[in-house]
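Residue numbers (the numbering used here), protein chains in the order written: chain X, 1 to 201; chain E, 1 to 161. Glycine residues also receive a C-beta, built at the ideal position from the N, C-alpha and C atoms. As structure tokens, the structure follows; a few thoughts come after it.
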Amino acid sequence: MHTQGEQEERRWILAAREGDLEAFERLVAAYARPIYNLAYRMLGDPMEAEDAAQEIFLRIYRRLTAYDPTYPPASWILSIAAHYCIDRLRSHRPSVSLEALGSEIAASPNDLPESVVERQEQEAWIQRALSCLSPEDRMVLVLHYWHGRSCEEIASMLGLSHGAVRVRLHRARLRLAAHLYPLVHTDGGKPSEPVPDRRGS
Amino acid sequence: MTCEWFRERMAEALEGILSDAEAREWEAHRRTCHACRALWEVMMEVDARLRTAPMAAPPPDLSQRIRRRIRRQIWWERWGAMLLFMTIGLGIAMFWKGTLQDMRGWLADLWDLIPNLGSLFWELIRIPITFWALMMLLGMAAVLAMGIWASMRAIYRTRCF
């Protein structure tokens, strides 16, 4: 069962394939934020994310004829974006500027200054913790939490088995937990029992 | 029930997909093991932080910039490449001006040879083996031409809006 939005996006892709540039631009407008977010979470730098978002849309445009209409458009687009970011991370590791961490999340005008600071601190923690993960584990986590994709969908997008995605997701959460553990469990400033690192699992 | 089992089942516990029996056993271990309980609390905190983390907002003009870049790309693929090849062709023509002028003489000589080549061709195709070889070559050329046409059509559909 396809949703109305999904049907519309599918029509845009098919129209763009036949030469309708406006249809492609509608797709760009609809996916600019998710693609930018995915690139930012993966690369950890706003400038890199911006450049990556442009490259990803160019890649999508070039692959319009390869689109299979039976495949959900969002999964197809996110899959291209995911592979691009992993390739980019493998070819060169971007430098994560600590000043930029947390500044990407716009504060709501109703937010109290304390909650803005708290949100930015949490955001900085998330980006630092994500940078400790391998590109593949990070991608699984980003697709699951920010893009609401199930393990089956992620497996199909990244060409992995369902079991491998579950393992990666669990491993990523454990590593993040290891990162957070000393901040949550401090007994008089002394960290309690550390979380076992299961990098090899 | 071991700590290892407990930790392996944390993902299922987070998603709430443990069976009733497993959930009871898992809960019992959580209550009695301090280290696993502490880890579980951190896992819950990690999950909560990730679930509440908003999407990063792109610069307001990002969509506009992407559109401009794609339009530039289309223009380049449609006209820029052609202009570049024409410029290169013109450069080569200028560089080899003398040779090209000499070519007029070679072409004139070739033109004189054409009647002789025509009669040679008719003599050759009377021999069955050369006739079949020629037919085979023509067939291959037709298949190649169709292949090139199909590829060009696919490229045009992909790149030309």
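Nearest C-alpha to Glu12/E among His170/X, Ile80/X, Leu180/X: His170/X. For Arg78/E, no CB of chain X lies under 8 angstroms from its own CB, so it is not counted at the interface with that chain. In its chain, beyond the 5 residues on either side, Val140, Cys151, Ile154, Ala155 have a beta carbon closer than 7 angstroms to the beta carbon of Val165/X.
Taking CB atoms only, Glu41/E has a neighbour in chain X less than 8 angstroms away. Non-local C-beta neighbours of Arg30/E in its own chain, meaning closer than 8 angstroms and more than five positions away in sequence, comprise Phe6, Cys36, Arg37, Trp40, ordered along the chain.
Contact with chain X is absent for Pro60/E, since none of that chain's Cβ atoms lies less than 8 angstroms from the residue's Cβ. The beta-carbon distance between Ala56/E and Tyr40/X, rounded to whole angstroms, is 4 angstroms. This is short enough to meet the 8 angstroms contact definition. Beyond the five residues adjoining it in sequence on each side, Leu18/E comes within less than 8 angstroms, by CB distance, of Arg9, Glu12, Trp26 in the same chain, given in chain order.
A check of alpha carbon separations from Arg88/X across Glu55/X, Ser75/X, Arg11/X, Thr65/X identifies Glu55/X as the nearest. Membership of Pro115/E in the alpha helix (DSSP H) is indicated by the continuous run 97-124. With a cutoff of 8 angstroms on beta-carbon distance, Arg173/X and Met44/E are scored as not near each other. Less than 8 angstroms separates the beta-carbon of His147/X from that of Leu38/X.
Annotation for Leu27/X: Trp12 place their beta carbon closer than 6 angstroms to its own, counting only its chain and skipping 5 residues before and after. Shown here, His147/X sits in coil according to DSSP, grouped into three states, outside any helix or strand. Between Glu136/X and Ile86/X, the C-beta gap is smaller than 8 angstroms, which places the two residues in contact. Nearest neighbour of Arg63/X by Cα position, chosen from Gln127/X, Cys132/X, Phe24/X, turns out to be Phe24/X. It is roughly 26 angstroms from the alpha-carbon of Tyr36/X to the alpha-carbon of Glu77/E. Counting the other Cβ atoms within 10 Å of the Cβ of Arg149/X gives 16 or more, which makes it buried.
Between the alpha carbons of Arg24/E and Cys33/E lies a distance of about 14 angstroms. From the beta-carbon of Val46/E, the residues of chain X found nearer than 7 angstroms are Arg173, Leu176, Ala177, Leu180. Within chain X, no C-beta atom comes less than 8 angstroms from the C-beta of Met152/E; the nearest is roughly 13 angstroms away.
Only residues of its own chain outside the window of five on either side were considered, and among them Phe24 have a CB closer than 7 angstroms to the CB of Tyr61/X, listed in chain order.
The beta carbons of Pro73/X and Arg10/X sit about 5 angstroms from each other, so the pair counts as a contact at 8 angstroms. DSSP places Met55/E outside both helix and strand once states are collapsed to three, so it counts as coil.
Secondary structure of Asp47/E (DSSP, three-state): helix. Only Glu50, Ala53, Gln54, Phe57, Leu58, Tyr61, Arg62 from the segment 43-63 of chain X bring a Cβ to less than 7 angstroms from some Cβ of chain E.
Put simply, the CB of Arg51/E is near chain X, with a gap under 8 angstroms to one of its CB atoms. Closest in alpha carbon position to Val184/X, among Met103/E, Val46/E, Glu4/E, is Val46/E. Contact with chain X is found for Ser63/E, since one of that chain's Cβ atoms lies less than 8 angstroms from the residue's Cβ. A distance of 8 angstroms or more separates the beta carbons of Arg119/X and Leu130/X.
Annotation: Cβ neighbours of Leu169/X in chain E (cutoff 9 angstroms, chain order): Ala11. Selection Leu180/X, Leu133/X, Ala177/X evaluated against Met42/X yields Leu133/X as nearest (Cα-Cα). At least 8 angstroms separates the CB of Ile148/E from every CB of chain X.
Of the residues Tyr71/X, His92/X, Ala66/X, the one whose Cα lies closest to the Cα of Ala154/E is Ala66/X.
Close partners of Ile17/E in chain X (Cβ separation under 7 angstroms) are lacking, with about 11 angstroms as the shortest Cβ gap.
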